[in-house]
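In my numbering, the protein residues as written are 73 to 356. For every residue, glycine included, the Cβ atom is placed at its ideal position computed from N, Cα and C. Treat the numbers as computed from the prediction; the structure is a model and nothing was measured. First comes the structure, then the notes that go with it.
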Amino acid sequence: AMAAELDRGALEGTPIDPLRLGAPLSRAYEWIDGSAFLNHVILVRRARNAEPPATLRTDPLIYQGGSGDLLGPHDAIELHDPAWGLDYESEVCVVLGDTPLGTQAADAARYVRLVLLANDCTLRNLVPDELAKGFGFFQSKPATAFSPFAVTPDELEAAGAWQDGRLHGRIRSIYNGQRIGDCDAGPEMHFSFFDLIQHIARTRRFTAGTVLGSGTISNADRARGVSCLAERRMIEIIETGKPATPFMSVGDHIRIEADIAGQNPFGAIDQHVVAAGGSPGAQV
73 AMAAELDRGA
83 LEGTPIDPLR
93 LGAPLSRAYE
103 WIDGSAFLNH
113 VILVRRARNA
123 EPPATLRTDP
133 LIYQGGSGDL
143 LGPHDAIELH
153 DPAWGLDYES
163 EVCVVLGDTP
173 LGTQAADAAR
183 YVRLVLLAND
193 CTLRNLVPDE
203 LAKGFGFFQS
213 KPATAFSPFA
223 VTPDELEAAG
233 AWQDGRLHGR
243 IRSIYNGQRI
253 GDCDAGPEMH
263 FSFFDLIQHI
273 ARTRRFTAGT
283 VLGSGTISNA
293 DRARGVSCLA
303 ERRMIEIIET
313 GKPATPFMSV
323 GDHIRIEADI
333 AGQNPFGAID
343 QHVVAAGGSP
353 GAQV
(Lines of atoms letter the chains of each structure in order from A and count residues from 1; the text may use other names and numbers.)
(Lines give C-alpha, C1' and ligand atoms only; values in the text may rest on other atoms or scores of the structure.)
Protein backbone atom coordinates (compact mmCIF):
# COMPACT_ATOMS: atom_id res chain seq x y z
CA ALA A 1 0.00 0.00 0.00
CA MET A 2 2.79 2.41 0.89
CA ALA A 3 4.61 1.60 -2.37
CA ALA A 4 1.46 2.44 -4.33
CA GLU A 5 1.11 5.76 -2.49
CA LEU A 6 4.73 6.57 -3.24
CA ASP A 7 4.20 5.77 -6.92
CA ARG A 8 1.22 8.16 -7.00
CA GLY A 9 3.24 10.89 -5.30
CA ALA A 10 0.86 10.86 -2.35
CA LEU A 11 3.62 10.70 0.27
CA GLU A 12 6.34 13.23 0.96
CA GLY A 13 9.89 11.97 0.75
CA THR A 14 12.76 12.64 3.13
CA PRO A 15 16.02 14.11 1.82
CA ILE A 16 18.89 11.62 2.01
CA ASP A 17 22.58 12.37 2.45
CA PRO A 18 24.28 9.70 0.29
CA LEU A 19 27.36 9.76 2.52
CA ARG A 20 25.27 8.37 5.40
CA LEU A 21 24.13 5.29 3.48
CA GLY A 22 25.71 1.88 4.03
CA ALA A 23 25.29 -1.33 2.08
CA PRO A 24 21.68 -2.62 1.96
CA LEU A 25 23.02 -5.60 3.94
CA SER A 26 25.95 -4.88 6.25
CA ARG A 27 26.61 -8.61 6.48
CA ALA A 28 25.11 -11.67 4.82
CA TYR A 29 24.90 -15.39 5.43
CA GLU A 30 26.82 -15.90 2.21
CA TRP A 31 28.38 -13.81 -0.57
CA ILE A 32 28.79 -15.91 -3.70
CA ASP A 33 30.12 -14.56 -6.97
CA GLY A 34 30.00 -16.01 -10.46
CA SER A 35 31.77 -15.13 -13.68
CA ALA A 36 28.89 -15.15 -16.12
CA PHE A 37 30.37 -12.87 -18.79
CA LEU A 38 32.59 -15.06 -20.95
CA ASN A 39 34.45 -12.17 -22.58
CA HIS A 40 35.79 -11.26 -19.13
CA VAL A 41 36.87 -14.84 -18.38
CA ILE A 42 38.76 -15.08 -21.66
CA LEU A 43 40.51 -11.70 -21.30
CA VAL A 44 41.64 -12.01 -17.68
CA ARG A 45 42.89 -15.55 -18.23
CA ARG A 46 44.91 -14.38 -21.20
CA ALA A 47 46.37 -11.71 -18.91
CA ARG A 48 47.81 -14.39 -16.62
CA ASN A 49 48.68 -16.82 -19.45
CA ALA A 50 45.92 -19.26 -18.51
CA GLU A 51 43.48 -21.05 -20.81
CA PRO A 52 39.71 -20.86 -20.25
CA PRO A 53 38.28 -24.11 -18.85
CA ALA A 54 36.93 -26.64 -21.33
CA THR A 55 33.52 -26.26 -19.66
CA LEU A 56 33.49 -22.46 -20.09
CA ARG A 57 30.11 -22.40 -21.85
CA THR A 58 28.40 -25.17 -19.89
CA ASP A 59 29.53 -24.92 -16.26
CA PRO A 60 29.56 -21.56 -14.41
CA LEU A 61 32.62 -20.37 -12.51
CA ILE A 62 31.79 -19.60 -8.86
CA TYR A 63 33.72 -18.53 -5.80
CA GLN A 64 32.61 -17.79 -2.23
CA GLY A 65 33.77 -14.48 -0.76
CA GLY A 66 33.72 -12.89 2.66
CA SER A 67 30.23 -11.95 3.84
CA GLY A 68 30.89 -10.66 7.35
CA ASP A 69 32.16 -7.23 6.24
CA LEU A 70 30.16 -5.85 3.32
CA LEU A 71 31.24 -2.30 2.52
CA GLY A 72 28.91 0.62 1.94
CA PRO A 73 28.91 2.62 -1.29
CA HIS A 74 31.21 5.34 0.08
CA ASP A 75 33.49 3.24 2.26
CA ALA A 76 37.15 3.55 1.38
CA ILE A 77 39.11 0.78 -0.31
CA GLU A 78 42.10 0.09 1.93
CA LEU A 79 45.32 -0.76 0.11
CA HIS A 80 48.06 -2.48 2.10
CA ASP A 81 50.57 -2.98 -0.70
CA PRO A 82 50.44 -1.45 -4.22
CA ALA A 83 52.36 -4.50 -5.50
CA TRP A 84 49.24 -6.61 -4.92
CA GLY A 85 47.59 -5.09 -8.00
CA LEU A 86 44.32 -3.62 -6.73
CA ASP A 87 41.50 -3.65 -9.27
CA TYR A 88 37.81 -2.73 -9.15
CA GLU A 89 35.07 -4.90 -10.69
CA SER A 90 31.64 -3.53 -11.62
CA GLU A 91 28.95 -6.17 -11.11
CA VAL A 92 25.23 -6.84 -10.73
CA CYS A 93 24.01 -8.87 -7.74
CA VAL A 94 20.82 -10.41 -6.45
CA VAL A 95 19.70 -11.12 -2.90
CA LEU A 96 18.01 -14.49 -2.47
CA GLY A 97 15.19 -15.66 -0.26
CA ASP A 98 15.32 -19.14 1.28
CA THR A 99 16.38 -21.27 -1.70
CA PRO A 100 15.89 -25.06 -1.58
CA LEU A 101 18.48 -27.67 -2.43
CA GLY A 102 18.06 -28.76 -6.04
CA THR A 103 16.37 -25.59 -7.28
CA GLN A 104 16.21 -25.56 -11.09
CA ALA A 105 16.66 -22.53 -13.33
CA ALA A 106 13.03 -22.73 -14.45
CA ASP A 107 11.89 -22.26 -10.84
CA ALA A 108 14.58 -19.83 -9.66
CA ALA A 109 12.78 -16.52 -10.30
CA ARG A 110 10.68 -16.87 -7.16
CA TYR A 111 13.81 -16.83 -4.98
CA VAL A 112 15.25 -13.54 -6.31
CA ARG A 113 14.17 -10.85 -3.86
CA LEU A 114 16.36 -7.85 -4.71
CA VAL A 115 18.80 -6.57 -7.35
CA LEU A 116 21.75 -4.25 -6.67
CA LEU A 117 25.27 -3.31 -7.83
CA ALA A 118 28.66 -4.28 -6.41
CA ASN A 119 32.34 -3.41 -6.60
CA ASP A 120 34.02 -6.77 -6.05
CA CYS A 121 37.66 -5.74 -5.78
CA THR A 122 40.46 -8.14 -6.72
CA LEU A 123 44.16 -8.11 -5.87
CA ARG A 124 45.27 -9.29 -9.31
CA ASN A 125 48.90 -10.01 -8.54
CA LEU A 126 47.95 -12.38 -5.71
CA VAL A 127 45.66 -14.45 -7.94
CA PRO A 128 48.11 -16.64 -9.92
CA ASP A 129 49.99 -18.08 -6.93
CA GLU A 130 46.78 -18.51 -4.96
CA LEU A 131 44.98 -20.39 -7.74
CA ALA A 132 48.08 -22.50 -8.38
CA LYS A 133 47.49 -24.08 -4.97
CA GLY A 134 44.25 -25.51 -6.35
CA PHE A 135 42.03 -24.20 -3.55
CA GLY A 136 40.55 -21.00 -5.01
CA PHE A 137 40.46 -17.28 -4.16
CA PHE A 138 41.00 -16.06 -0.62
CA GLN A 139 43.67 -13.41 0.02
CA SER A 140 43.16 -12.04 -3.49
CA LYS A 141 39.54 -11.06 -2.73
CA PRO A 142 39.22 -8.26 -0.15
CA ALA A 143 35.91 -6.76 1.05
CA THR A 144 33.17 -6.05 -1.51
CA ALA A 145 31.16 -2.80 -1.67
CA PHE A 146 27.50 -2.50 -2.64
CA SER A 147 25.18 0.16 -4.01
CA PRO A 148 23.07 2.06 -1.47
CA PHE A 149 19.74 0.83 -2.85
CA ALA A 150 18.47 -2.63 -3.76
CA VAL A 151 15.48 -2.84 -6.10
CA THR A 152 12.79 -5.51 -6.34
CA PRO A 153 12.71 -7.40 -9.66
CA ASP A 154 9.10 -6.39 -10.38
CA GLU A 155 10.04 -2.71 -10.42
CA LEU A 156 12.83 -3.41 -12.89
CA GLU A 157 10.59 -5.70 -14.92
CA ALA A 158 8.04 -2.91 -15.27
CA ALA A 159 10.76 -0.82 -16.91
CA GLY A 160 11.77 -3.70 -19.20
CA ALA A 161 15.06 -4.02 -17.35
CA TRP A 162 14.63 -7.46 -15.73
CA GLN A 163 14.21 -10.27 -18.25
CA ASP A 164 14.97 -13.98 -17.94
CA GLY A 165 17.15 -13.53 -14.87
CA ARG A 166 19.28 -10.74 -16.34
CA LEU A 167 19.46 -7.00 -15.71
CA HIS A 168 19.15 -5.10 -19.00
CA GLY A 169 20.81 -1.72 -18.70
CA ARG A 170 24.16 0.02 -18.88
CA ILE A 171 26.58 -0.19 -15.97
CA ARG A 172 28.99 2.73 -16.00
CA SER A 173 32.48 2.70 -14.51
CA ILE A 174 33.97 6.16 -13.97
CA TYR A 175 37.63 5.93 -12.98
CA ASN A 176 39.42 9.05 -11.77
CA GLY A 177 36.76 11.16 -13.46
CA GLN A 178 36.91 9.35 -16.82
CA ARG A 179 34.15 7.06 -18.01
CA ILE A 180 36.06 3.94 -19.01
CA GLY A 181 33.11 1.56 -19.03
CA ASP A 182 29.53 1.80 -20.30
CA CYS A 183 28.78 -1.90 -20.53
CA ASP A 184 25.46 -3.58 -21.25
CA ALA A 185 24.67 -5.97 -18.41
CA GLY A 186 22.08 -8.06 -20.26
CA PRO A 187 22.77 -9.74 -23.62
CA GLU A 188 26.29 -11.05 -22.96
CA MET A 189 25.56 -12.51 -19.53
CA HIS A 190 26.00 -16.10 -20.74
CA PHE A 191 24.70 -17.66 -17.52
CA SER A 192 21.62 -15.89 -16.14
CA PHE A 193 21.07 -15.50 -12.42
CA PHE A 194 18.59 -18.36 -12.73
CA ASP A 195 21.35 -20.54 -14.20
CA LEU A 196 23.71 -19.51 -11.40
CA ILE A 197 21.08 -20.36 -8.78
CA GLN A 198 20.61 -23.82 -10.27
CA HIS A 199 24.38 -24.31 -10.19
CA ILE A 200 24.93 -23.30 -6.56
CA ALA A 201 21.81 -25.17 -5.35
CA ARG A 202 22.96 -28.47 -6.83
CA THR A 203 24.35 -29.66 -3.49
CA ARG A 204 23.16 -27.11 -0.89
CA ARG A 205 20.26 -24.93 0.16
CA PHE A 206 20.64 -21.20 0.83
CA THR A 207 19.21 -18.98 3.52
CA ALA A 208 17.40 -15.69 2.96
CA GLY A 209 19.88 -12.86 2.62
CA THR A 210 22.41 -14.77 0.52
CA VAL A 211 23.99 -12.42 -2.05
CA LEU A 212 24.84 -13.78 -5.52
CA GLY A 213 26.94 -11.83 -8.03
CA SER A 214 27.16 -11.88 -11.81
CA GLY A 215 30.90 -11.43 -12.04
CA THR A 216 32.51 -8.54 -13.92
CA ILE A 217 30.24 -7.14 -16.63
CA SER A 218 32.00 -7.40 -19.97
CA ASN A 219 31.15 -6.77 -23.63
CA ALA A 220 33.00 -7.97 -26.71
CA ASP A 221 32.50 -4.56 -28.34
CA ARG A 222 35.52 -2.56 -27.17
CA ALA A 223 33.62 0.68 -27.72
CA ARG A 224 31.63 -0.23 -24.60
CA GLY A 225 34.80 0.02 -22.51
CA VAL A 226 35.63 -2.09 -19.48
CA SER A 227 34.34 -2.88 -15.99
CA CYS A 228 37.79 -3.62 -14.53
CA LEU A 229 41.39 -2.54 -15.15
CA ALA A 230 42.58 -6.08 -15.91
CA GLU A 231 40.55 -6.08 -19.12
CA ARG A 232 41.88 -2.68 -20.13
CA ARG A 233 45.44 -3.86 -19.54
CA MET A 234 44.85 -7.01 -21.59
CA ILE A 235 43.45 -4.99 -24.48
CA GLU A 236 46.53 -2.75 -24.32
CA ILE A 237 48.77 -5.82 -24.48
CA ILE A 238 46.86 -7.13 -27.50
CA GLU A 239 47.07 -3.77 -29.27
CA THR A 240 50.54 -2.51 -28.30
CA GLY A 241 52.39 -5.42 -26.73
CA LYS A 242 52.41 -4.09 -23.16
CA PRO A 243 49.99 -2.67 -20.57
CA ALA A 244 49.91 1.09 -20.07
CA THR A 245 47.28 1.35 -17.34
CA PRO A 246 48.57 0.70 -13.80
CA PHE A 247 46.45 -0.95 -11.16
CA MET A 248 44.83 1.23 -8.51
CA SER A 249 46.87 3.20 -6.00
CA VAL A 250 46.20 5.48 -3.03
CA GLY A 251 44.14 8.47 -4.13
CA ASP A 252 42.42 6.75 -7.05
CA HIS A 253 38.64 6.96 -7.32
CA ILE A 254 36.02 4.62 -8.79
CA ARG A 255 32.33 5.37 -9.30
CA ILE A 256 29.90 2.67 -10.46
CA GLU A 257 26.32 3.44 -11.46
CA ALA A 258 23.54 2.15 -13.69
CA ASP A 259 21.56 3.68 -16.53
CA ILE A 260 18.15 2.01 -16.67
CA ALA A 261 16.08 3.92 -19.22
CA GLY A 262 17.76 7.13 -18.10
CA GLN A 263 17.40 6.38 -14.38
CA ASN A 264 19.85 5.13 -11.75
CA PRO A 265 17.62 3.21 -9.32
CA PHE A 266 20.50 1.67 -7.34
CA GLY A 267 22.34 4.87 -6.53
CA ALA A 268 26.11 5.03 -7.00
CA ILE A 269 29.07 3.21 -5.53
CA ASP A 270 31.64 5.97 -5.04
CA GLN A 271 34.93 4.91 -3.46
CA HIS A 272 38.44 6.23 -2.97
CA VAL A 273 41.57 4.18 -2.34
CA VAL A 274 43.32 4.96 0.95
CA ALA A 275 46.44 3.61 2.60
CA ALA A 276 45.81 0.71 4.98
CA GLY A 277 44.77 1.94 8.39
CA GLY A 278 42.70 4.81 6.98
CA SER A 279 39.14 5.33 8.17
CA PRO A 280 36.69 2.86 6.53
CA GLY A 281 34.59 5.84 5.49
CA ALA A 282 37.52 8.06 4.57
CA GLN A 283 37.53 10.31 1.53
CA VAL A 284 40.72 11.48 -0.16
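{"Query": "Rounding to the nearest angstrom, what Cα-Cα distance links C300 and C255 in this structure?", "Result": "11 Å"}
{"Query": "Starting from I326 and walking both ways along the beta strand (DSSP E), at which residues does that stretch end?", "Result": "325 to 331"}
{"Query": "Confirm, please, whether the CB-CB distance from E161 to D192 is below 8 Å.", "Result": "yes"}
{"Query": "Sort out for me which residues DSSP pairs L186 with in a bridge.", "Result": "V167"}
{"Query": "Hey, E163 and G287 are a contact pair by Cβ (cut 8 Å); roughly how many whole angstroms apart?", "Result": "6 Å"}
{"Query": "If distances are taken between C-alpha atoms only, which option among P214, E260, P220 comes closest to Q235?", "Result": "E260"}
{"Query": "Quick one: measure Cβ to Cβ for G237 and A181, integer angstroms, because I've assumed they're closer than 8 Å.", "Result": "7 Å"}
{"Query": "Quick one, which of R196, L173, L228, A302 has its alpha-carbon nearest E252's?", "Result": "Per the sequence shown, the amino acid found at residue 252 is Ile instead of Glu. Considering only alpha carbons, the answer is A302."}
{"Query": "Report back the beta-carbon spacing between F104 and I134 to the nearest angstrom; my notes put them in contact at under 8 Å.", "Result": "A small fix is needed here, since residue 104 is Ile in this sequence, not Phe. Going by Cβ atoms, the distance from I104 to I134 rounds to 6 Å, so yes, they are a contact pair."}
{"Query": "For H271, count the other beta carbons within 10 Å of its own beta carbon; 16 or more makes it buried, fewer makes it exposed. Which is it?", "Result": "buried"}
{"Query": "Any idea what DSSP makes of F266, helix, strand or coil?", "Result": "helix"}
{"Query": "Checking contacts by CB at 8 Å: is A119 closer than that to chain B?", "Result": "Here there is only one protein chain, and chain B is not present."}
{"Query": "Nearest to M320 by alpha carbon, out of S264, T175, A292, H152?", "Result": "H152"}
{"Query": "Out of F266, C165, A348, state which residue places its alpha-carbon closest to the alpha-carbon of S219.", "Result": "C165"}
{"Query": "Quick test of your reading: F278 and G106, contact by CB under 8 Å. State the CB separation rounded to the nearest angstrom.", "Result": "No, F278 and G106 are not in contact; Cβ-Cβ is about 14 Å, not under 8 Å."}
{"Query": "Identify which residue in D267, R92, R185, S98 has its Cα closest to the Cα of A178.", "Result": "D267"}
{"Query": "So what does DSSP say about R242, is it helix, strand or coil?", "Result": "strand"}
{"Query": "How big is the Cα-Cα spacing for E202 and A230?", "Result": "43 Å"}
{"Query": "Based on DSSP bridge pairs, tell me the residues matched to T194.", "Result": "D159"}
{"Query": "Counting pairs of Cβ atoms below 8 Å between the region 116 to 123 and the region 73 to 91, do you hit three or more?", "Result": "no"}
{"Query": "Pick helix, strand or coil for E77, following the three-state DSSP scheme.", "Result": "helix"}
{"Query": "If you run the structure through DSSP and keep just helix, strand and coil, what is D226?", "Result": "helix"}
{"Query": "Out of curiosity, what's the CA-to-CA distance linking I307 and S245?", "Result": "17 Å"}
{"Query": "By how many angstroms is the C-alpha of Y101 removed from the C-alpha of Q355?", "Result": "For Q355, the predicted structure reports a pLDDT of 40, less than 50, and the residue's modelled location is therefore unreliable. The matter cannot be settled from this model."}
{"Query": "Let me know if L168 comes out buried or exposed under the rule of 16 or more other beta-carbons within 10 Å of its beta-carbon.", "Result": "buried"}
{"Query": "Tell me where the beta strand (DSSP E) around L284 begins and ends.", "Result": "283 to 285"}
{"Query": "Based on Cα-Cα distance, which residue from L173, G323, R294 lies nearest to I310?", "Result": "R294"}
{"Query": "Kindly give me the distance between the Cβ atoms of I269 and T175, rounded to whole angstroms, as I take these residues to be in contact under 8 Å.", "Result": "6 Å"}
{"Query": "Using DSSP's beta-bridge definition, name the partner residues of Y247.", "Result": "Q250, I326"}
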